[in-house]
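Residue 769 is where the sequence shown starts when you use this note's numbering, and the numbers rise one by one after that. We put the beta carbon where it would ideally sit given N, CA and C, even for glycine.
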Amino acid sequence: MRRLGRALHVTPRGNLIARADHVPPLGAPVVTRRRERVGVIVDVFGPADKPYVAIRDKSRHHLERFVGKELFIPPRRRRRRPPRRRRGRPRRRR
Numbered sequence: 769m770r771r772l773g774r775a776l777h778v779t780p781r782g783n784l785i786a787r788a789d790h791v792p793p794l795g796a797p798v799v800t801r802r803r804e805r806v807g808v809i810v811d812v813f814g815p816a817d818k819p820y821v822a823i824r825d826k827s828r829h830h831l832e833r834f835v836g837k838e839l840f841i842p843p844r845r846r847r848r849r850p851p852r853r854r855r856g857r858p859r860r861r862r
C-alpha cells in the first residue's frame, strides 16, 4: 500500500481533508492501515509538492473518526486477461 498522508479535518459539506505526500490520482480509493475503507479522492488542491486532498464517502457520517489517522491508497487490482481465442483450422482429434 502506498501512503497518502494524514487526515486533518472534515468540512461542513462532508469531505475529509488530508495532507498528501504526493499527488494522487482522482477517483482512487482511500483506506486506513487496517484496510478499512474511507472513501475516494474527489479533489486535489494546494501546492504541488504537498497537496491537500478532499475525500468523499457515500455515507458522510463516519468520517470524523478518521481525523488524525494515516491514510493509504491500496494497490490497484489488475484484471486478468481472458485467454486468447484460437483462429484458423481447428485441431484434428485423434
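Alpha carbon to alpha carbon, how far is residue j from residue i? Give it in angstroms, no decimals.
| i | j | result |
| --- | --- | --- |
| R846 | A796 | 14 Å |
| P719 | T779 | Not covered by the structure: residue 719. The range shown for the chain is 769 to 862. |
Near residue i, which residues of its chain fall below 7 Å by C-beta distance, leaving aside the five closest residues on each side in sequence?
| i | result |
| --- | --- |
| E838 | R771, R774, R801 |
| R787 | G773, R774, L776, K818, Y820 |
Do residue j and residue i come within 8 Å of each other at the CB atom, strictly closer than that value?
| i | j | result |
| --- | --- | --- |
| F840 | L784 | no |
| V810 | V791 | no |
Considering only DSSP beta bridges, list what residue i is partnered with.
| i | result |
| --- | --- |
| G807 | V798 |
| V821 | A786, V812 |
| R771 | F840 |
| V778 | L784 |
To which residues of the same chain is residue i closer than 6 Å at the C-beta, ignoring the five residues directly before and after it?
| i | result |
| --- | --- |
| M769 | F840, P842 |
| G807 | V798, I823, R824, D825 |
| R852 | none |
When DSSP labels each residue in this structure, what does residue i get in the three-state scheme?
| i | result |
| --- | --- |
| R853 | coil |
| R833 | helix |
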